[in-house]
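Top line first, the protein sequences correspond to chains A and B.
For the first sequence, position 140 matches number 1224 in the numbering used here, and the numbering has no gaps at all.
For the second sequence, position 79 matches number 1163 in the numbering used here, and the numbering has no gaps at all.
What follows is a set of notes on a single structure, which appears directly below.
2 protein chains.
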Amino acid sequence: MSDAARDESAAEEALPRAARIQDVARLAAVSTATVSRALAHPDRVSPEARARVMAAIAQIGYVPNPAARTLRSQKSRMVLVVLPNLGNIFFSKILRGIEETLFEAGYGMIIGDLDGSPEKEARFTAFMAGGQVDGAILLNGHVFSEARAGIPLIALCEAIPEAAIPQIEVDNRAAAQAMTEYLAALGHRRIAYVCGPAGNVLERERLRGYRDGLAAAGLAFDPGLVFPGDYSLEAGVQVGEGILAREGRPGAVFCSNDEMAIGLMRTLISGGLRVPQDISVAGFDDIEFAAVVEPPLTTVHQPRRELGQAGAAVLLDLLAGRKAQPRVRLPTEIIVRASTGPARS
Amino acid sequence: MSDAARDESAAEEALPRAARIQDVARLAAVSTATVSRALAHPDRVSPEARARVMAAIAQIGYVPNPAARTLRSQKSRMVLVVLPNLGNIFFSKILRGIEETLFEAGYGMIIGDLDGSPEKEARFTAFMAGGQVDGAILLNGHVFSEARAGIPLIALCEAIPEAAIPQIEVDNRAAAQAMTEYLAALGHRRIAYVCGPAGNVLERERLRGYRDGLAAAGLAFDPGLVFPGDYSLEAGVQVGEGILAREGRPGAVFCSNDEMAIGLMRTLISGGLRVPQDISVAGFDDIEFAAVVEPPLTTVHQPRRELGQAGAAVLLDLLAGRKAQPRVRLPTEIIVRASTGPARS
DNA sequence: CGCTCTCGTGTAATCGTTTACATGCACTGT
DNA sequence: ACAGTGCATGTAAACGATTACACGAGAGCG
Chain A
1085 MSDAARDESA
1095 AEEALPRAAR
1105 IQDVARLAAV
1115 STATVSRALA
1125 HPDRVSPEAR
1135 ARVMAAIAQI
1145 GYVPNPAART
1155 LRSQKSRMVL
1165 VVLPNLGNIF
1175 FSKILRGIEE
1185 TLFEAGYGMI
1195 IGDLDGSPEK
1205 EARFTAFMAG
1215 GQVDGAILLN
1225 GHVFSEARAG
1235 IPLIALCEAI
1245 PEAAIPQIEV
1255 DNRAAAQAMT
1265 EYLAALGHRR
1275 IAYVCGPAGN
1285 VLERERLRGY
1295 RDGLAAAGLA
1305 FDPGLVFPGD
1315 YSLEAGVQVG
1325 EGILAREGRP
1335 GAVFCSNDEM
1345 AIGLMRTLIS
1355 GGLRVPQDIS
1365 VAGFDDIEFA
1375 AVVEPPLTTV
1385 HQPRRELGQA
1395 GAAVLLDLLA
1405 GRKAQPRVRL
1415 PTEIIVRAST
1425 GPARS
Chain B
1085 MSDAARDESA
1095 AEEALPRAAR
1105 IQDVARLAAV
1115 STATVSRALA
1125 HPDRVSPEAR
1135 ARVMAAIAQI
1145 GYVPNPAART
1155 LRSQKSRMVL
1165 VVLPNLGNIF
1175 FSKILRGIEE
1185 TLFEAGYGMI
1195 IGDLDGSPEK
1205 EARFTAFMAG
1215 GQVDGAILLN
1225 GHVFSEARAG
1235 IPLIALCEAI
1245 PEAAIPQIEV
1255 DNRAAAQAMT
1265 EYLAALGHRR
1275 IAYVCGPAGN
1285 VLERERLRGY
1295 RDGLAAAGLA
1305 FDPGLVFPGD
1315 YSLEAGVQVG
1325 EGILAREGRP
1335 GAVFCSNDEM
1345 AIGLMRTLIS
1355 GGLRVPQDIS
1365 VAGFDDIEFA
1375 AVVEPPLTTV
1385 HQPRRELGQA
1395 GAAVLLDLLA
1405 GRKAQPRVRL
1415 PTEIIVRAST
1425 GPARS
């Protein structure tokens, strides 16, 4: 074997050098303009020329260079999805909904995991400002760095009230109210609430809904029954320990997400309480595991995949220059499972 | 208010037109080459010039155009991550590990959710061939479309034995063997196994490990104790129903992932069996919820975030032209919780 | 027959960077 | 004093597509 044959990762046909539009044009005996048009506007090219171009493309395996295309047309056909924590399973189904809708429209998806880092914010802002993406979907509840990047943005799941961008979400307030009323209808008078992180918009809505629900059921709001949390399993565990330790425990606990509800339930059960006989527990989100913990968790179902699809659809409207709905609200549903039951008389 | 002032989305300073390197150069009174160098090779530019360039950049808010940069340098600083199902929570932590490692190295992440669609395969292949990404991480267990796209690839979590690309994973075989031996050590003689999808590489390894474990414990392999599954909760439920219905049930069941183990446990418990008193159940992966189901699940812990980090690190080696390890194996750990216990004498 | 219109095509400018090469200047060593 | 060296900088040629504009050939029409 000669030296020449050996280098360039053996047995490859000597540096194939990706085909360019020029190569296609030459092979099809047309100009590069015609090749470009055959791909972008097939109807503006004669059938014969189109056929020759397609054949040439297939023959040499031509793939258009996206960078060149983006540079010239100022459209990247990419969307940035910013989220606070990629490790949080709540987002996975939403991402899937986004991805499938974007894909159908010919868009790709870049993921930005914010992770609380300002450095990351800066880079994602640059993605937007630099034309790396044509639009962005924000799942993180705030517009960072005054990201008036000049590209369409939408807020998904967490509304951003101060930003004039489309909002896609469920009606958190109404859903929380409905769950609170449901617990009241079971006969519970002392309904506790476990919060998400303070200051969170979504959380404000849910807390408000909880208060609305109490009011609608003719119950007084008792600040002593509101526990701070942060959406983590551990927070649920801590609240559970608090409840076990105190006098006069609530008859029902409504947690503003499922993870906390699950952590709470486990702690209460370990502490000797029976759920729902001694205490009812409800969650919010309806993550996959809500159905398989013991007892299965009563919760508010959010249509996560559909939320993702709807968000992507609105962004696509914006990108296509169509008028987009400023606010989309998807319906929730209370899923009654076994973690809630009637109050003891 | 005049018409002219009203159009172009009110109150914006009349079409700011993103700043180009040319504008920076003019403002800093240097050439574009110097601006470019000030950013890419700060040490090759005099401190004074660098300071002027940086000031100019800050003043006009210049952000380099990634498309132009990619076109010229043939490097996109983007990596494609291909996975079989974005909705599967198993991947979220891995993605996070990948993202953070890539980010630190200045790379962005494009996600491709394969979803069993050949159309999607084709597009992702184009991403690679077109130079949209510099490298790819495959989580899907096969190299599609002869994706010898000419860019570095690595296989993460699911080895691709027929491809000569680096593999990063845990030692599935050894881990499955260890779990099987652990169950045998508890005194179980009839240890069942619930498979993943047939043909899956990862699954082949785990099944082999199960057989190794039986052999090491001096137990005979009984094909009647191997149940087909597909990694879904429902598959676990079905196997559970099968076990409840049959004569002579196994003393322990080892499921090749946690979801199936959880579905199985719930079904067995609903059917009146006690776990682990009547039957032990073990899983694989250690997803978040393994710890919070009732009883908490004994399982094989995979360091998912670290797997993501390691995979990204190997790919970065390749991208930097460094020699990469052809195979990285991260350690697993058997996490003993409450779903397994001694065999009844 | 000549005019206009439409259609398909080609020519070439352009998008915003990076970087090979050239230039000029200030040292250094003989 | 001069060649040699190295550094900071500028000039201009790529990178690979899209697309405005121009052009020629028919078609349609009075």
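Quick reminder that beta carbons are idealized off the backbone N, C-alpha and C, glycines included.
All values derive from a computational prediction rather than experimental measurement.
Close-in-space but distant-in-sequence residues of the same chain around residue i (CB under 6 Å, 5 per side omitted)
| i | result |
| --- | --- |
| residue 1401 of chain A | 1408 |
| residue 1103 of chain B | 1144 and 1146 |
| residue 1211 of chain A | 1164 and 1217 |
| residue 1336 of chain B | 1267, 1272, 1275 and 1364 |
| residue 1362 of chain A | none |
| residue 1357 of chain A | 1363 |
| residue 1296 of chain A | 1261 |
| residue 1265 of chain A | 1297, 1300 and 1301 |
8 Å contact criterion, which residue i and residue j should meet: CB distance rounded
| i | j | result |
| --- | --- | --- |
| residue 1416 of chain B | residue 1255 of chain B | 7 Å |
| residue 1176 of chain B | residue 1170 of chain A | 6 Å |
| residue 1116 of chain A | residue 1106 of chain A | 6 Å |
| residue 1045 of chain B | residue 1360 of chain B | An answer regarding residue 1045 of chain B cannot be provided, because it is not within the stretch 1085 to 1429 covered by chain B. |
| residue 1236 of chain A | residue 1399 of chain A | 6 Å |
| residue 1208 of chain A | residue 1371 of chain A | About 26 Å; that fails the 8 Å criterion. |
| residue 1403 of chain B | residue 1219 of chain B | 5 Å |
Alpha-carbon to alpha-carbon, residue j and residue i
| i | j | result |
| --- | --- | --- |
| residue 1268 of chain B | residue 1414 of chain B | 25 Å |
| residue 1430 of chain B | residue 1326 of chain A | Since the first residue shown for chain B is 1085 and the last is 1429, residue 1430 of chain B is missing from the structure and cannot be characterised. |
| residue 1421 of chain A | residue 1427 of chain A | 16 Å |
| residue 1120 of chain A | residue 1113 of chain A | 13 Å |
| residue 1385 of chain B | residue 1367 of chain B | 9 Å |
| residue 1330 of chain A | residue 1374 of chain A | 27 Å |
| residue 1260 of chain A | residue 1168 of chain A | 23 Å |
| residue 1286 of chain A | residue 1271 of chain B | 51 Å |
| residue 1298 of chain B | residue 1390 of chain B | 30 Å |
| residue 1283 of chain A | residue 1166 of chain A | 19 Å |
| residue 1140 of chain A | residue 1111 of chain A | 6 Å |
| residue 1301 of chain B | residue 1410 of chain B | 32 Å |
| residue 1124 of chain B | residue 1204 of chain A | 20 Å |
| residue 1388 of chain B | residue 1138 of chain B | 40 Å |
| residue 1263 of chain B | residue 1369 of chain B | 12 Å |
| residue 1172 of chain B | residue 1172 of chain A | 12 Å |
| residue 1381 of chain A | residue 1314 of chain A | 19 Å |
| residue 1406 of chain B | residue 1397 of chain B | 11 Å |
| residue 1312 of chain B | residue 1202 of chain B | 26 Å |
Own chain residues within Cβ distance below 7 Å of residue i, not counting five before or after
| i | result |
| --- | --- |
| residue 1395 of chain B | 1182, 1221, 1238, 1240 and 1252 |
Proximity below 8 Å, CB of residue i to CB of residue j
| i | j | result |
| --- | --- | --- |
| residue 1226 of chain A | residue 1249 of chain A | no |
| residue 1192 of chain A | residue 1161 of chain A | yes |
| residue 1419 of chain A | residue 1383 of chain A | yes |
| residue 1179 of chain B | residue 1392 of chain B | yes |
| residue 1376 of chain B | residue 1412 of chain A | no |
| residue 1293 of chain A | residue 1258 of chain A | yes |
| residue 1429 of chain A | residue 1379 of chain A | no |
| residue 1355 of chain B | residue 1328 of chain B | yes |
| residue 1242 of chain A | residue 1224 of chain A | yes |
Residue i beta carbon near the ligand GTP (any heavy atom closer than 7 Å)
| i | result |
| --- | --- |
| residue 1166 of chain B | Annotation note on the ligand GTP: not contained in the displayed structure, which lists no ligands. |
Neighbourhood of residue i by C-beta, 8 Å cutoff - its chain only, sequence neighbours within 5 removed
| i | result |
| --- | --- |
| residue 1316 of chain B | 1343, 1344 and 1347 |
| residue 1304 of chain B | 1298 |
| residue 1088 of chain B | Any reading at residue 1088 of chain B must be qualified, since the residue scores a pLDDT of 37, below 50, and its modelled position is unreliable; the value itself is stated next. Excluding positions up to five away in sequence, the list is empty. |
| residue 1291 of chain A | 1260, 1277, 1279, 1310 and 1340 |
| residue 1318 of chain A | 1347 |
| residue 1134 of chain A | 1122 and 1126 |
| residue 1129 of chain A | 1118, 1121, 1122 and 1137 |
| residue 1190 of chain A | 1161 |
| residue 1194 of chain A | 1162, 1163, 1164, 1165, 1211, 1216 and 1217 |
Would you call the segment 1324–1340 of chain A and the segment 1278–1295 of chain A touching, i.e. three or more CB-CB distances under 8 Å? yes
Give a yes or no on contact between the segment 1146–1160 of chain B and the segment 1143–1154 of chain A, applying the rule of three or more CB pairs nearer than 8 Å. yes
For the structure I just gave you, are there three or more beta carbon pairs, one from the segment 1344–1352 of chain B and one from the segment 1313–1330 of chain B, closer than 8 Å? yes
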